[in-house]
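A.B. asks:
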Amino acid sequence: MERNVKKIKDNILTRIRSGRVTMRPKWHFVLKALLAVVGGVLLLFATLYLISFVVFVTRQTGVWFGPGFGSPGFGALLRALPWALILLSLLFVAILEVLARRYAFAYRRPLLYSVTVIVVIVLVGGGLAAPLHRTPFRDAREHRLPMFAERFYRDFGPPPLPSRELYRGVVTELVPGGFVLEDFQGATSAVRTTPRTRVIGEKPLAIGDEVIVFGMSTGTDVRAHGIRVLPAPGE
Amino acid sequence: MLGMHERTDEEVARQVQGGDTEAFGILVERYEARLMRYARRFLPESADAEDLVQETFIKAYENIRSFDAKRRFSPWIYRIAHNEFVNALKKYLGMRTVSLFNLDVFLPPLFARETADGEVNQKELREELDRKLGMLSAKYREPLVLYYYENMDYREIADVLKIPISTVGVRLSRGRAILKSMLTDEKGGRTV
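One line per chain: the protein sequences are Y and P, in this order. The working numbering applies: residue 1 is where the first sequence begins, and numbers increase by one. The working numbering applies: residue 1 is where the second sequence begins, and numbers increase by one.
#1: Expressed to the nearest angstrom, what Euclidean distance is found between the alpha-carbon atoms of P:M36 and Y:F92?
#2: How about P:A199: is its C-beta nearer than 7 Å to some C-beta of chain Y?
#3: Run through the DSSP bridge pairs and tell me what Y:F214 is partnered with.
#4: Considering only the alpha carbon of each residue, which of Y:V211, Y:T197, Y:V191 and Y:R228 lies closest to Y:V222?
#5: Which class does P:I80 belong to by DSSP, given the choice of helix, strand or coil?
#6: Using a C-beta to C-beta distance shorter than 8 Å, which residues of chain Y count as neighbours of P:R65?
#7: Thinking C-alpha only, which one of P:R141, P:S74, P:V16 and P:E22 is nearest P:R34?
#8: Closer than 8 Å by C-beta to Y:L166: which residues in its own chain qualify, once you throw out the five before and the five after it? Chain order, please.
#9: DSSP has Y:T14 in a bridge; who is on the other side?
#10: Please determine if the segment 13 to 21 of chain Y and the segment 17 to 32 of chain P are in contact, where contact requires at least 3 C-beta pairs separated by less than 8 Å.
#11: Would you tell me roughly how many angstroms separate the C-alpha atoms of P:I58 and Y:I121, rounded to the nearest one?
#12: How long is the line joining the alpha carbons of P:R174 and P:Y140, rounded to whole angstroms?
#13: Under 6 Å from any heavy atom of the ligand ZN, does the C-beta of P:E84 make it?
#14: Taking Cβ positions only, does Y:R109 come closer than 7 Å to chain P?
#15: If distances are taken between C-alpha atoms only, which option among Y:G68, Y:G70 and Y:H28 comes closest to P:N63?
#16: If the cut is a Cβ gap below 9 Å, which residues of chain P does Y:I12 touch?
#17: Any beta-carbon of chain B closer than 7 Å to the one on P:F42?
#18: Give the secondary structure of Y:A232 by DSSP, where H, G and I count as helix, E and B as strand, and everything else as coil.
#19: Can you look up Y:A190 in the DSSP assignment and give me helix, strand or coil?
#20: Determine, for Y:L112, whether the minimum Cβ-Cβ distance to residues of chain P falls below 7 Å.
#21: Rounded to the nearest angstrom, what separates Y:Y49 and Y:G126 at their Cα positions?
#22: Out of P:A177, P:S46, P:R41 and P:I77, state which residue places its alpha-carbon closest to the alpha-carbon of P:Y61.
#23: For a quick check, are the C-beta atoms of Y:R228 and Y:I200 less than 7 Å apart?
#24: P:R79 and P:Q195 - do their beta-carbons sit closer together than 7 Å?
#25: Could you give the C-beta distance for Y:F53 and Y:H143, rounded to a whole number, given that I count them as a contact under 8 Å?
#26: Against chain Y, does P:F73 count as a neighbour if the rule is that its beta carbon must be under 7 Å from one of theirs?
#27: Mind checking if Y:I16 is an interface residue toward chain P, Cβ cutoff 7 Å exclusive?
#28: Look at Y:G40 and Y:L112 and say whether their C-beta atoms are less than 7 Å apart.
#29: On a CA-only basis, which of P:L136, P:A138, P:G169 and P:S137 is nearest P:M152? Give me that one, please.
#30: Can you check DSSP and say which residues form a bridge with Y:V180?
#31: Got a sec? Which residues, its chain only, sit under 6 Å from Y:A106 by beta carbon, not counting five neighbours each side?
#32: Report the residue from Y:L43, Y:F137 and Y:P233 whose alpha carbon sits nearest the alpha carbon of Y:A187.
#33: Does any residue of chain Y have a CB that is nearer than 7 Å to the CB of P:E119?
#34: By how many angstroms is the C-alpha of P:V12 removed from the C-alpha of P:D20?
#35: Excluding sequence positions up to five away, which residues of its chain have a Cβ less than 8 Å from the Cβ of Y:L88?
#36: Should Y:I121 be flagged as near chain P, meaning a C-beta pair shorter than 7 Å?
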């Protein structure tokens with residue numbers, strides 16, 4: 001055994017002395033750690049951006065309120081969610097978890113704890129940051145954003161009309177058999193009600209009411225299955 | 001002033017980081033037997049333990065400047081050894097070690113954590129370990145080797161394997177339970 005120790009030690013020291021094995025410089029590890037931290041921070045901000053965008057779009061377009069119309073509304077919510085962005089966010093969360101597990105504070109505890117902390121941070125942070133997207137959405141509509149940004153807000157914004165099932169906006173005009181709805185982007189839709197339309201609200205519809213409409217576009221107007229009147233701010 | 005051989009591992013490592021490459025020989029002397037024992041217990045007989053331990057020391061030297069001398073050296077070099085051994089198991093021996101997703105890493109243990117020894121007869125356990133260790137999967141074999149042969153505590157084992165401290169306890173308990181069931185089977189159903 002002692003001979004073995006000497007043999008291994010001699011082999012290693014010979015390789016070191018001959019220069020075949022060298023120490024990596026300190027800056028190599030400092031740079032690596034710095035890249036991991038910077039990468040992690042950028043990834044966290046990217047995740048917060050995506051989550052806040054999803055929250056903003058789903059709330060502003062009325063998709064968020066789908067479950068209030070029962071299981072058909074819940075189905076409409078699932079169909080309207082920007083799944084590509086949600087899956088991308090999940091991927092980012094997974095990468096953040098892998099980065100976090102390099103450190104003792106993360107790997108010494110069950111994975112569930114660190115995953116929970118990351119998910120809570122991105123959901124709470126994303127929810128709080130959601131209103132920040134109001135201005136870029138407006139700028140995208142007015143063509144004041146760079147092309148790629150405008151494209152992003154347009155492509156992942158409200159679902160296109162023929163397939164849209166949930167609408168959020170303000171009643172701007174009452175007409176026989178329905179009303180005109182203007183959404184947060186300034187687009188208007190003619191909403192038709194029928195005797196089977198379910199209206200959720202305490203008072204009859206009035207101009208200025210903010211509503212969520214669950215219905216299908218017929219090409220010229222929206223046939224409402226359900227309407228929910230949102231409480232005015234402060235109520 | 002302390003002679004080189006009276007210095008702690010961390011002090012010697014700091015010396016190596018400063019450019020004293022010959023000091024690395026002291027760390028090799030101190031850890032070679034331990035790492036060989038770890039390799040022989042953890043790896044199958046067909047593995048070239050000597051070659052892998054040599055590669056472990058080479059990797060340790062190359063990366064010595066990443067070692068934080070304020071921390072303990074032992075878990076750091078054992079971590080390097082663990083990585084070398086696991087890679088060898090996968091690459092050359094085609095063996096699965098631990099699957100990517102394990103419930104015992106993801107979830108906290110459902111029951112109160114027992115100590116690894118409990119009411120186990122230590123002498124009998126060591127005898128069984130010597131005989132049956134190779135029959136256990138790597139997932140349970142490695143923590144048992146580090147605990148019973150390398151005398152590491154839960155925290156050190158967690159640092160070497162990069163798993164939760166609670167998972168170390170769970171795997172030690174399960175490894176012991178599997179050994180106990182092997183012992184029971186061997187003795188024809190008579191428990192000892």
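Where is the CB? At the ideal position from N, CA and C, for every residue including glycine. No experiment lies behind these values; they were computed from the predicted model shown.
C.D. replies: According to the structure shown:
#1: Residue 36 of chain P sits at position 36 when you count from the first residue of the second sequence. Residue 92 of chain Y sits at position 92 when you count from the first residue of the first sequence. So the alpha carbons of these two residues sit roughly 40 Å apart.
#2: In the structure as shown, chain P starts at 1 and stops at 192, and residue 199 of chain P therefore has no counterpart that could be examined.
#3: Translated into positions along the first sequence, residue 214 of chain Y becomes position 214. Looking at the DSSP assignment, Y:F214 forms a beta bridge with Y:L166 and Y:G226.
#4: Taking the first residue of the first sequence as position 1, residue 222 of chain Y is located at position 222. Considering only alpha carbons, the answer is Y:V191.
#5: The residue you call residue 80 of chain P lines up with position 80 of the second sequence. In this structure, P:I80 counts as helix in the three-state DSSP scheme.
#6: Numbered from 1 along the second sequence, position 65 holds the residue referred to as residue 65 of chain P. Result: M23, R24, P25, K26, H28 and F29.
#7: Working through the second sequence from its first residue, we reach residue 34 of chain P at position 34. Comparing Cα positions, the closest option is P:S74.
#8: To locate residue 166 of chain Y, count along the first sequence from 1; it is residue 166. T61, G62, V63, F65, G66, G73, A76, L77, A80, I212, V213 and F214.
#9: Mapped onto the first sequence, residue 14 of chain Y falls at position 14. Partner(s): none; Y:T14 has no beta bridge.
#10: yes
#11: The count along the second sequence starts at 1 and reaches residue 58 of chain P at position 58. The count along the first sequence starts at 1 and reaches residue 121 of chain Y at position 121. If you take the alpha carbons of P:I58 and Y:I121, they lie about 41 Å apart.
#12: As a first step, residue 174 of chain P must be located in the second sequence, where it is residue number 174. As a first step, residue 140 of chain P must be located in the second sequence, where it is residue number 140. Distance between the alpha carbons of P:R174 and P:Y140: 7 Å.
#13: With respect to the ligand ZN, the structure offers nothing, as it holds no ligand at all.
#14: Residue mapping note: residue 109 of chain Y aligns to position 109 of the first sequence, counting from 1. Chain P, which has a Cβ nearer than 7 Å to the Cβ of Y:R109, makes this yes.
#15: Translated into positions along the second sequence, residue 63 of chain P becomes position 63. The candidate whose alpha carbon is nearest that of P:N63 is Y:H28.
#16: The count along the first sequence starts at 1 and reaches residue 12 of chain Y at position 12. Under the 9 Å cutoff, chain P gives F24, G25, V28, Q54, F57, I58 and Y61.
#17: Any reference to chain B falls outside this structure, whose protein chains are Y and P.
#18: For the purposes of this step, residue 232 of chain Y is identified with residue 232 of the first sequence, where counting begins at 1. Correct three-state label for Y:A232: coil.
#19: Taking the first residue of the first sequence as 1, we reach residue 190 of chain Y at position 190. Looking at Y:A190 - three-state DSSP - the assignment turns out to be strand.
#20: Position 112 of the first sequence, counting from 1, holds the residue named residue 112 of chain Y. Closer than 7 Å to some Cβ of chain P, the Cβ of Y:L112 qualifies, so yes.
#21: Against the first sequence, residue 49 of chain Y aligns to sequence position 49. Against the first sequence, residue 126 of chain Y aligns to sequence position 126. Each residue's alpha carbon lies about 7 Å from the other.
#22: Start at 1 with the first residue of the second sequence, and residue 61 of chain P comes out as number 61. Here the closest residue by C-alpha is P:I77.
#23: Within the first sequence, residue 228 of chain Y is the residue found at index 228, counting from 1. Within the first sequence, residue 200 of chain Y is the residue found at index 200, counting from 1. Contact: yes.
#24: With chain P running from 1 to 192 in the structure shown, residue 195 of chain P is simply not present.
#25: Within the first sequence, numbered from 1, the residue matching residue 53 of chain Y stands at position 53. Within the first sequence, numbered from 1, the residue matching residue 143 of chain Y stands at position 143. Their Cβ separation, rounded to whole angstroms, is 19 Å, which puts Y:F53 and Y:H143 out of contact at 8 Å.
#26: Taking the first residue of the second sequence as position 1, residue 73 of chain P is located at position 73. So, not an interface residue.
#27: For the purposes of this step, residue 16 of chain Y is taken as residue 16 along the first sequence, with counting starting at 1. Yes, Y:I16 lies at the interface with chain P (some Cβ there is under 7 Å from its Cβ).
#28: One-based indexing of the first sequence puts residue 40 of chain Y at position 40. One-based indexing of the first sequence puts residue 112 of chain Y at position 112. Contact flag unset, no.
#29: As a working mapping, residue 152 of chain P is identified with position 152 in the second sequence. Here the closest residue by C-alpha is P:G169.
#30: For the purposes of this step, residue 180 of chain Y is taken as the residue at position 180 of the first sequence. Y:V180 is bridged to Y:E173 and Y:A190.
#31: Sequence index remark: in the first sequence, residue 106 of chain Y carries index 106 (1-based). Here the set comprises A100 and S114.
#32: Start at 1 with the first residue of the first sequence, and residue 187 of chain Y comes out as number 187. Y:A187 has its Cα closest to that of Y:F137, out of Y:L43, Y:F137 and Y:P233.
#33: In the second sequence, counting from the first residue as 1, residue 119 of chain P sits at position 119. For P:E119, the pLDDT reaches just 49, beneath the cut-off of 50, and the residue's location in the model is therefore unreliable, leaving the point undetermined.
#34: Along the second sequence, one-based indexing puts residue 20 of chain P at 20. Along the second sequence, one-based indexing puts residue 12 of chain P at 12. So the two alpha carbons sit approximately 9 Å from each other.
#35: Against the first sequence, residue 88 of chain Y aligns to sequence position 88. Excluding sequence neighbours, Y:L88 sits near L50.
#36: The count along the first sequence starts at 1 and reaches residue 121 of chain Y at position 121. With 7 Å as the cut-off, Y:I121 does not count as an interface residue toward chain P.
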